[in-house]
Amino acid sequence: MKLTATGLAQNAPAPLAFTDTVLRGLGQVMLQDNAYAGLLFLAGIFWNSRLFGCAALVGTIVGTTTALMMGAARDQVRQGLFGFNGALVGIALLYFLDPSPLAWGFVVVAAACSTVLMAALMNAFSTWKAPALTAPFVLTSLLFLLACARFGRLHSTGVLPTAGLPRAAEVEGLVTGATLLQGLFNGLGQIFFQGSLVTGALFALGLLVSSRKAFAAALLGSFAGALVAWGLGAAEPAIRAGAYGFNPALTAIALGSVFFAASRASAIYAALGTIATTVVFAGLSAALEPLGMPALTAPFVIVVWLFVLAGPLFPKLKTPGTST
Amino acid sequence: MKLTATGLAQNAPAPLAFTDTVLRGLGQVMLQDNAYAGLLFLAGIFWNSRLFGCAALVGTIVGTTTALMMGAARDQVRQGLFGFNGALVGIALLYFLDPSPLAWGFVVVAAACSTVLMAALMNAFSTWKAPALTAPFVLTSLLFLLACARFGRLHSTGVLPTAGLPRAAEVEGLVTGATLLQGLFNGLGQIFFQGSLVTGALFALGLLVSSRKAFAAALLGSFAGALVAWGLGAAEPAIRAGAYGFNPALTAIALGSVFFAASRASAIYAALGTIATTVVFAGLSAALEPLGMPALTAPFVIVVWLFVLAGPLFPKLKTPGTST
Amino acid sequence: MKLTATGLAQNAPAPLAFTDTVLRGLGQVMLQDNAYAGLLFLAGIFWNSRLFGCAALVGTIVGTTTALMMGAARDQVRQGLFGFNGALVGIALLYFLDPSPLAWGFVVVAAACSTVLMAALMNAFSTWKAPALTAPFVLTSLLFLLACARFGRLHSTGVLPTAGLPRAAEVEGLVTGATLLQGLFNGLGQIFFQGSLVTGALFALGLLVSSRKAFAAALLGSFAGALVAWGLGAAEPAIRAGAYGFNPALTAIALGSVFFAASRASAIYAALGTIATTVVFAGLSAALEPLGMPALTAPFVIVVWLFVLAGPLFPKLKTPGTST
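If you read the sequences in order, they're chains A, B and C.
Residues are numbered in the numbering used here as their position in the first sequence, beginning at 1, plus a constant of 681.
Residues are numbered in the numbering used here as their position in the second sequence, beginning at 1, plus a constant of 681.
Residues are numbered in the numbering used here as their position in the third sequence, beginning at 1, plus a constant of 681.
Okay, structure coming up:
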């Protein structure tokens, strides 16, 4: 058994390789093909909630197993590409639904579906070499959660937004340094639906272990989200809870450390994308209000898709050779 | 004039060929390039309602004629590919709107548009060899029905869902064997908006004439939809009416008898898709509630698109050689 | 410095070339790569409102500059392709939001984003040689306007539709010759959110300078939209204000003078698209009612996309060689 910089070696024996694959799946939630990062993310979740830790594990295992059963390419499975959407689907469904046995069965079906969606989007987007990101998680979760308005045996935990019509906002509460600091770390935690500063710090550590650039980008992104939201007059409790941080953090990781090489133009581009993600989060939250649904990571997905698709027309942005 | 296993021969004289094309168009609603199936489907509709029988004919004829006028490829027209969306558009608009002369004019324009959409999606999806399915029908019908909220001379029949905000569901009514049996056949009938057991049986017969695999898949799909809906706590009247059956039946036909060759992996895959379709139907119905719109066959379209697009990444699923 | 039939020559000195590019950007709002048309459009806007004139200029300049900073292809920039969405974003945001300094900053970010979206869609749609049209404007404006339901420091001007659930329409008001005539010119004006007959006439003049076919198509399209809306029972004040005219006018320009060569089949096709656009405008307006959002030019974008994508399957429609 050989340890590499990102986890177990490719040729590790089967049961160990599967564990490594699951951990990489958790790492891929923040775009890190790194088992150590995944382990720290998992520790962060378990610190805050055993339920969500188990949900993430079950989702990742089901997603990965579905891909193996259908004969998906080994190297893609091994990178955790068929695990991260299942992880998020598992947490999301049990965050919003009472964890009855039926709800756990619902999670298994949804996680398996998220793997099919992942393969579908990987195929569809290969035309433009664009990534699927967490779109399978977003679509699966929204459709399965919406279905509960028809299915009387699945009960909401009451955390879902109340269905209503969007109205004009008022500035609400006073933003202080504490708001921004808590928003910064909660913003990382919310990537996995966790509202705990310790969890957020463990997530940051996981990123640091995997990539210094991703670590810096995530912190800057979450902070920028909080700042932009503050400047435009968002409600203080939402900023403090990290609601404006998790999507910009992911966008910053993707645009700032994964899809473009470092340059002045790339930095401006990533900054524009991060600001746009904050606005799109607000916009999509309002758009989903009549359905009583959360925006999840849809703002990140939409902005990064568009900014990556636009890349080839903007030669000042360089695509990375072999970097992290 | 020569009769083949699926209808008239390709080189039949013009007026007969056109009739055969229209019947195949009706058959294609359930993915059957088979004039006999189409004839039995038409008989099933007329048994229940002369109005809808005429609407289906007018829609199919207008859709097909539009394609001919624009010079579409003969063999594709001849397979009924430009007829089935028009058929469904015709029934849908007159199911939800009072059949005034203006409404009939509305049907003609909508059916012509559904042919343009069909060509657009055939072109767009050729990149991935993915099928357009009934997406042109869904999009055309939803947009034309939504438009009636602005157009005072088109009156609703009152069958459209009431616009409202989605709320938590309660288990409603007691599901019995009769519920499931009626749901099974009504599920087939609802593919053409018909709530009659005889009509459902005629549709099943049409499928049997065309393909035993499609017949079995449709019955299993409709039944599975009713079972899943029951297990998750859907309302009994909706299950009995076949509301949870028509989309899963279509998904089962598509995944189980058209787009993948028989194998153990394919069977599991089709089963997963069928279950997912039931959930997606519930989800989309809730999502469309603020607009007072029905989900139509959108759940079938979305699930089959994704499951077909994912296919090439799953080598355990084999694509069919020449089978039905 | 050389003047050509469409504006300054390609090799004009930098500051003049930039001015020419901005004017072409304004021209491209109606698909005209023509600086004189752009100048007349700008004059029309300023005639009605200095605020909107400035907003259009700022939006076009920001959009164009973003493309230049990112190294976009000179000839595409020079045709105004990265300006027109910014122009519309600028006007739209300040039409619906109080023009505070913060709102102007919002416009700058949104206009820059519209250029990224333009590049993204140009890349994505190059697979099918389909145009991006004003989709970047529509998406950017809707998301940025929706965001104001979360941001307390951006205030609506009260012109946005009230959020509500769609209801059945009643015929409202009496349509007269004056309704149709005003609707015809306001329909052109509304392309830039201007409700002034003089402005509409200046826009028509701009089109005439650039292309007689585009001029005729726009007038016919706006008039057809008003007629169809009248026939189906739309409200008289909306018809008079040009609400049913601006999308059909754009569709008629696109299908009637840009993407297909003149022929009998093309004329029928453009007429069908223009009628469909009127219906789709009504449908999308109703669909966006729960969000309190306007349909903008989304109906034009959707219909022209589909009708252009369908083109290759309809050989009776000829694509233009070198025409205007």
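Each residue gets a CB set at the ideal place from its N, CA and C atoms; glycine is no exception.
| Check | Outcome |
| --- | --- |
| Segments assigned alpha helix (DSSP H), at least 4 residues, entirely inside the segment 740 to 824 of chain C | 755 to 759, 765 to 777, 782 to 806 |
| Residue span of the alpha helix (DSSP H) that contains B/Thr-843, given as start and end | Counting along the chain, B/Thr-843 falls outside any alpha helix (DSSP H), and DSSP gives it neither H nor E. |
| Whether A/Gly-868 touches A/Gly-937 by CB criterion (8 Å) | no |
| 8 Å Cβ cutoff, C/Cys-735 in contact with chain A | no |
| Residues in the segment 961 to 981 of chain B having any Cβ partner in chain C nearer than 9 Å | Pro-971, Leu-972, Gly-973, Met-974 |
| Euclidean distance between Cα positions of B/Leu-878 and B/Val-856 | 18 Å |
| Contacts of A/Ser-837 in chain B (Cβ-Cβ under 9 Å) | Ala-849 |
| Selected residue, minimal CA-CA separation from A/Thr-958, among A/Ser-947, A/Pro-971, A/Thr-932, A/Tyr-950 | A/Thr-932 |
| Residue span of the alpha helix (DSSP H) that contains B/Val-961, given as start and end | 945 to 968 |
| Which of helix, strand or coil DSSP assigns to B/Thr-978 | coil |
| Chain A within 8 Å of B/Lys-683, Cβ atoms only | no |
| Under 9 Å by beta carbon: chain B residues contacting C/Gly-914 | Leu-783, Arg-831, Phe-832, Gly-833, Arg-834, Leu-835 |
| Whole-angstrom distance between A/Leu-704 and A/Ala-736, CA atom to CA atom | 14 Å |
| Helix, strand or coil at A/Ser-837 according to DSSP, with G and I counted as helix | strand |
| Residue-chain proximity (A/Ala-943, chain C), Cβ-Cβ < 8 Å | no |
| Interface flag, B/Val-852 vs chain A, CB-CB below 8 Å | yes |
| Proximity test, Cβ basis, 8 Å: A/Thr-745 and chain B | no |
| Interface flag, A/Ser-903 vs chain C, CB-CB below 8 Å | no |
| The segment 750 to 766 of chain C: positions lying closer than 9 Å to chain A by Cβ | Met-750, Met-751, Gly-752, Ala-753, Ala-754, Gln-757 |
| Contact set for C/Leu-826: own chain, Cβ-Cβ below 8 Å, skip 5 residues either direction | Ala-773, Leu-774, Phe-777, Leu-778, Leu-841, Met-974 |
| Chain-ordered neighbours of B/Leu-774 on chain C, where CB pairs are closer than 9 Å | Simply none; closest approach about 11 Å. |
| is_contact[B/Thr-1000, chain A] using C-beta, thresh 8 Å | no |
| C/Gln-871 beta carbon less than 8 Å from that of C/Gly-923 | yes |
| Bridge-paired residues (DSSP) for B/Leu-684 | B/Leu-689 |
| DSSP-derived helix/strand/coil call for C/Gln-871 | helix |
| Reduced DSSP category for C/Cys-860 - H, G, I as helix; E, B as strand; rest coil | The residue asked about is misnamed: residue 860 of chain C is Thr in this sequence, not Cys. Here C/Thr-860 sits in helix by DSSP. |
| Contact with chain B by C/Leu-953, beta-carbon distance below 8 Å | yes |
| Chain A contact for C/Thr-702 (CB, 8 Å cutoff) | no |
| Simplified DSSP assignment, three categories, for B/Ala-916 | coil |
| Per-residue burial, C/Thr-1003 [other beta carbons within 10 Å of its own, 16 or more giving buried] | Only weak support exists for where C/Thr-1003 lies, its pLDDT of 42 falling under 50; the value from the coordinates is given anyway. When all chains shown are included, C/Thr-1003 counts as exposed. |
| Cβ pair C/Ala-813, C/Met-799 closer than 8 Å | yes |
| CB of B/Phe-941 within 8 Å of CB of B/Thr-1000, strictly | yes |
| Pick from B/Thr-843, B/Gly-845, B/Ala-915, B/Ala-828 that is closest to B/Glu-853, judged by C-alpha positions | B/Ala-915 |
| Cβ-based neighbour list, C/Leu-965, same chain, cut-off 6 Å, excluding 5 preceding and 5 following | Ala-976, Ala-979, Pro-980 |
| Backbone CA spacing between B/Ser-892 and B/Leu-720 [nearest angstrom] | 15 Å |
| Proximity winner among C/Glu-917, C/Gly-740, C/Ala-963, C/Phe-733, relative to C/Thr-702 (alpha-carbon distances) | C/Gly-740 |
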